[in-house]
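Undergrad: So the sequence shown is numbered by the UniProt record's numbering: it starts at 1 and just counts up by one. Virtual Cβ for every residue (Gly too), placed ideally from N, Cα, C. Please read all numbers here as calculations on a predicted model, not as lab measurements.
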Amino acid sequence: MESRRFEGKIVLVTGGARGIGRGIARRFAAEGGSVAVADRLESVEETAAELAELGGETLGVAVDVTDKAQVEALYARVEERFGRLDVSVQNAGILRISPLERLSEDEWDATLDVNVKGMFLCCQQAAALMRRQGGGGRIVNSASAQARDGFVYTPHYAASKFGVMGMTQSLAKELATDGITVNAFCPGIIGSDMWEYADRAWGDLLGDYARGELMAEWVDGIPMRRAGTPEDVAGLVAFLASDDASYITGQTVNVCGGLVMS
Ligand code: NAD
Numbered sequence: 001m002e003s004r005r006f007e008g009k010i011v012l013v014t015g016g017a018r019g020i021g022r023g024i025a026r027r028f029a030a031e032g033g034s035v036a037v038a039d040r041l042e043s044v045e046e047t048a049a050e051l052a053e054l055g056g057e058t059l060g061v062a063v064d065v066t067d068k069a070q071v072e073a074l075y076a077r078v079e080e081r082f083g084r085l086d087v088s089v090q091n092a093g094i095l096r097i098s099p100l101e102r103l104s105e106d107e108w109d110a111t112l113d114v115n116v117k118g119m120f121l122c123c124q125q126a127a128a129l130m131r132r133q134g135g136g137g138r139i140v141n142s143a144s145a146q147a148r149d150g151f152v153y154t155p156h157y158a159a160s161k162f163g164v165m166g167m168t169q170s171l172a173k174e175l176a177t178d179g180i181t182v183n184a185f186c187p188g189i190i191g192s193d194m195w196e197y198a199d200r201a202w203g204d205l206l207g208d209y210a211r212g213e214l215m216a217e218w219v220d221g222i223p224m225r226r227a228g229t230p231e232d233v234a235g236l237v238a239f240l241a242s243d244d245a246s247y248i249t250g251q252t253v254n255v256c257g258g259l260v261m262s
């Protein structure tokens, strides 16, 4: 029987217009949730319309998560439309690849702004709303295998994702007595637009790789010998947001086919 764990639940997914975020949003919608997707891409409204075909109510909001006023307006819209929020998934993130001497201050700031500050702003609004409605709720944050093991040419990205792990632990301690759990997930190599860019950018820096060749080589190093899919990640996020995970908080869980094991 198809599982409907999120019937009656309100879920928000940032970075939900495409890739992993879209996969996560689809999973919640397929399991009965009402889902708001937020993204800086205008196509977020089309994604919301697609999700509506799965049955529940949906909302698409164009927002830049690095802008406090826009983030406040986003959570206010979710509250106005659905009356509450049960699950907030902070998935929006960017990856830029650059050798140290060419890594600009702008690239550094942009990465930390989206991946860390944007997440903080969303967690702040999510927790405030969950507390106002009497406590209880799930906050789930996107980290990365790079929160375990920094890869080459991405010191800014690795710093941001280690930052996500620290923020997740700290917030889990602060929000535990409100019944709000805070956890993070670490995707490894997941087929998405981000990974297409990574294949190209790392491939150019690490050698004379044809498109797709570097990814194939790295996938070969994954114990399970395949890249992950947004659906693989969505399964973990849905579990962390479910009743079965009610005693799990402050954890950062890998979903990477064994690419990293600590
Ligand atoms: P993606 O680039 O395909 O999707 C990211 C989404 O976030 C996009 O829709 C983008 O518009 C949105 N976004 C970026 N900046 C934003 C902002 N300022 N405000 C609002 N939305 C914004 O990437 P993906 O592969 O789906 O990655 C999703 C998350 O998973 C990211 O946090 C990423 O760091 C993490 N991750 C991905 C992989 C992978 O292999 N794909 C591996 C590890 C971690």
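#1: Give me the DSSP bridge partner(s) of Phe185.
#2: Within 8 Å, do at least three Cβ pairs link the stretch 177-195 to the stretch 128-143?
#3: Using DSSP with H/G/I as helix, E/B as strand and the rest coil, what is Gln90?
#4: For chain D, find out if any of its Cβ atoms is closer than 7 Å to the Cβ of Glu80; answer yes or no.
#5: Tell me, please, which residues DSSP counts as bridged to Ala36.
#6: With DSSP collapsed to three states, give me the class of Gly228.
#7: Is Gly134 helix, strand or coil when you go by DSSP?
#8: From the DSSP output, which residues share a beta bridge with Ile180?
#9: With the cut-off set at 7 Å, would you say Val71 and Val65 are in Cβ contact?
#10: Using 7 Å as the threshold, is the C-beta distance between residue 267 and Arg131 below it?
#11: Since Val152 is in the alpha helix (DSSP H), which residue starts that stretch and which ends it?
#12: Under the criterion of a Cβ to heavy atom distance below 6 Å, does Asn91 qualify as lining ligand 1?
#13: Might you give, ordered along the chain, the residues of its own chain that have their beta carbon closer than 6 Å to the beta carbon of residue 266, omitting 5 neighbours on each side?
#14: To the nearest angstrom, report how far apart Asp244 and Glu42 are at their CA atoms.
#15: By the DSSP assignment, the alpha helix (DSSP H) with Phe6 in it spans what residues?
#16: Got a sec, what are the start and stop residues for the alpha helix (DSSP H) Met215 sits in?
#17: I need the DSSP call for Ile190, collapsed to helix, strand or coil.
#18: Please report the residue range of the alpha helix (DSSP H) in which Thr111 lies.
#19: Measure from the alpha carbon of Ile190 to the alpha carbon of each residue in Val11, Asn254, Arg5, then state which is nearest.
#20: Taking the alpha carbon of Gly83 as the reference point, which residue from Gln90, Tyr75, Val89 has its own alpha carbon closest?
#21: Flag Met261 as yes when its Cβ comes closer than 6 Å to any non-hydrogen atom of ligand 1, and as no otherwise.
#22: Is there at least one non-hydrogen atom of ligand 2 closer than 6 Å to the beta-carbon of Lys9?
TA: According to the data block:
#1: Your numbering for residue 185 matches position 185 in the sequence shown. Partner(s): Ser142, Val253.
#2: yes
#3: On the sequence shown, residue 90 is found 90 positions in, with the first residue counted as 1. Looking at Gln90 - three-state DSSP - the assignment turns out to be strand.
#4: In the structure shown, chain D cannot be found, because there is only a single protein chain.
#5: Within the sequence shown, numbered from 1, the residue matching residue 36 stands at position 36. Answer is Leu12, Leu59.
#6: As a position in the sequence shown, residue 228 is number 228, starting the count at 1. It is a strand residue.
#7: Residue 134 sits at position 134 when you count from the first residue of the sequence shown. In the structure shown, Gly134 sits in coil (DSSP, three-state: anything other than H, G, I, E or B).
#8: Along the sequence shown, read from residue 1 onward, the residue named residue 180 stands at position 180. According to DSSP, Ile180 bridges with Gly137.
#9: Residue numbering aside, residue 71 sits at position 71 when the sequence shown is read from its first letter. Residue numbering aside, residue 65 sits at position 65 when the sequence shown is read from its first letter. Yes, these two residues count as a Cβ contact at 7 Å.
#10: This structure does not reach residue 267, given that the chain is present from 1 up to 262, and the question cannot be answered.
#11: Sequence index remark: in the sequence shown, residue 152 carries index 152 (1-based). Element bounds for Val152: n/a, residue is neither H nor E.
#12: Locating residue 91 in the sequence shown gives position 91, where the first residue counts as 1. Indeed, a heavy atom of ligand 1 lies less than 6 Å from the Cβ.
#13: Residue 266 cannot be examined here, being either before or after the span of the chain that is shown, 1 to 262.
#14: Against the sequence shown, residue 244 aligns to sequence position 244. Against the sequence shown, residue 42 aligns to sequence position 42. Going by the C-alpha atoms only, they are around 35 Å apart.
#15: For this step, residue 6 is matched to residue 6 along the sequence shown. Per DSSP, Phe6 belongs to no alpha helix (DSSP H) and is neither H nor E.
#16: In the sequence shown, counting from the first residue as 1, residue 215 sits at position 215. Counting along the chain, the alpha helix (DSSP H) containing Met215 begins and ends at 213-220.
#17: Reading the sequence shown from its first residue, position 190 is the one you call residue 190. Strand.
#18: Start at 1 with the first residue of the sequence shown, and residue 111 comes out as number 111. It spans 105-112 - the alpha helix (DSSP H) in which Thr111 sits, taken as one unbroken run.
#19: What you label residue 190 is simply residue 190 of the sequence shown in a count that begins at 1. Closest by alpha carbon: Asn254.
#20: Along the sequence shown, one-based indexing puts residue 83 at 83. Out of Gln90, Tyr75, Val89, Tyr75 has the C-alpha closest to the C-alpha of Gly83.
#21: For the purposes of this step, residue 261 is taken as residue 261 along the sequence shown, with counting starting at 1. Flag unset: Cβ of Met261 not near ligand 1.
#22: Ligands present in the displayed structure are limited to ligand 1, and ligand 2 is not among them.
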